[in-house]
Amino acid sequence: MSAFADLLAVPADTPIFFTAMTLGAWGATLTLTGQAGRTMFTLRYEECRELRWRTYPVFGGITAQIALVDFSAGRDGHRSPAQLLTDSFALWLLYGKMRIEVG
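With the working numbering, the residue at position 2 of the sequence shown is 2, and numbering never jumps.
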């Protein structure tokens with residue numbers, strides 16, 4: 001998870017949570033919004049070609065925040081997949097561009 005913390009310029013031990021997700025353009029754009037400590041961020045994948053999801057049973061129900069457990073950025077231009085592991089789902093995706101907006 002420290003790789004994602006590095007992208008956000010926050011300390012490596014900062015808890016990172018996703019708070020919302022939006023699929024646009026029939027799955028070609030994926031936007032995740034979240035919070036790392038007090039830092040708000042938006043993670044946007046564009047030109048997505050393939051998305052693979054695995055969901056996990058959430059005991060006690062879905063919460064407003066999904067904790068990020070592990071992250072691999074992959075490489076843009078559909079060269080290698082990004083991989084996100086949370087406490088509720090895992091996501092593997094090939095993408096054209098990735099953008100992170102902080103603030």
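Here a beta-carbon is modelled for each residue, glycine too, at the ideal position from N, C-alpha and C.
What you are looking at is a predicted structure, and each value in this text was computed from that prediction instead of being measured.
Residue i - containing beta strand (DSSP E), residue span
i, result
"A36", "T29 to A36"
"S133", "The structure shown does not extend to residue 133, since the chain is modelled only from 1 through 103, so no value can be given for it."
Own chain, CB closer than 6 Å to residue i, minus 5 neighbours either side, in chain order
i, result
"T42", "T33 and E101"
"F17", "G34, Q35, Q65 and A67"
"S72", "Q83"
"E50", "L94"
"M21", "L32"
Own chain residues within Cβ distance below 7 Å of residue i, not counting five before or after
i, result
"R99", "R44"
"T19", "T33, G34, Q35, A64 and Q65"
Of the listed residues the options, nearest to residue i (C-alpha basis)
i, options, result
"Q83", "T31, A12 and W53", "W53"
"T14", "V69, F89 and G74", "V69"
"L93", "D76, A3, G103 and T86", "D76"
"Y56", "S72, R49, R38 and S88", "S88"
"H78", "T39, K97, G27 and T29", "K97"
Residue range of the unbroken alpha helix (DSSP H) whose run includes residue i
i, result
"S80", "Where S80 is concerned, there is no enclosing alpha helix (DSSP H), given that its DSSP letter is neither H nor E."
"A20", "Unbroken run through A20 is the beta strand (DSSP E), I16 to G24; no alpha helix (DSSP H)."
Own chain partners of residue i with C-beta closer than 8 Å, once the 5 adjacent residues on each side are dropped
i, result
"V58", "D87 and S88"
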